[in-house]
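Undergrad: I'd like to ask some things about the structure below.
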Amino acid sequence: MNALPIDYYVWLSATLFTIGVLGVLYRRNAIIIFMCIELMLNAVNLLLVAFSSRLNDPSGQVFVFFIMAVAAAEVAVGLAILVTMYRATRSTDINILNRLKW
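Have a look at this one:
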């Protein structure tokens with residue numbers, strides 16, 4: 000990992016994070032929004048691993064392990080909510096969630 004400059008990892012991570020943010024802001028499909036959130040988390044993980052490897056400090060890689068565990072739990076809960084929403088509205092469009100208000 001020391002063969003590439005750290006700038007490449009920073010630019011790749013920033014690009015992935017930007018794509019994720021734009022996907023969350025502009026898309027209306029709940030599945031796509033979940034995928035973009037995961038893309039943002041993976042961009043942060045890439046940067047943590049790159050700096051951890053560069054500094055020869057394994058604590059960043061351990062932190063990435065915990066981020067991945069939390070992301071897996073987030074996906075499980077998010078998909079459960081999404082399935083419940085789909086059963087109620089027959090759509091995954093988040094604009095339809097206004098119908099679920101009391």
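All residue numbers for the sequence shown refer to numbering that gives the first Met the number 0, where the first residue is 0 and numbers rise by one. Ideal placement from N, C-alpha and C gives every residue a C-beta, glycine not left out. This structure is a prediction, so every number in the text was calculated from the model and none was measured.
1. Report, in whole angstroms, the separation of the C-beta atoms of VAL63 and VAL48, which I expect to be a contact under 8 Å.
2. On the CB-based measure, 16 or more other CB atoms within 10 Å of its CB, does ILE30 come out buried or exposed?
3. Could you compute how far the alpha carbon of LEU45 sits from the alpha carbon of GLU37?
4. Taking all protein chains shown into account, do 16 or more other C-beta atoms lie within 10 angstroms of the C-beta of PHE65, making it buried, or fewer, making it exposed?
5. By the DSSP assignment, the alpha helix (DSSP H) with ILE30 in it spans what residues?
6. Grab me the residues of ASN94's own chain with a C-beta within less than 7 Å of its C-beta, minus the 5 sequence neighbours each way, in chain order.
7. Which residue wins for smallest C-alpha separation from MET34, given the options LEU15, SER52, SER58?
8. Could you check what DSSP says for ASP6 in three-state terms: helix, strand or coil?
9. Tell me whether ALA42 is buried or exposed, calling it buried when 16 or more other Cβ atoms sit within 10 Å of its Cβ.
TA: In short, the structure shows the following:
1. 6 Å
2. exposed
3. 12 Å
4. exposed
5. 29-53
6. ARG27
7. LEU15
8. helix
9. buried
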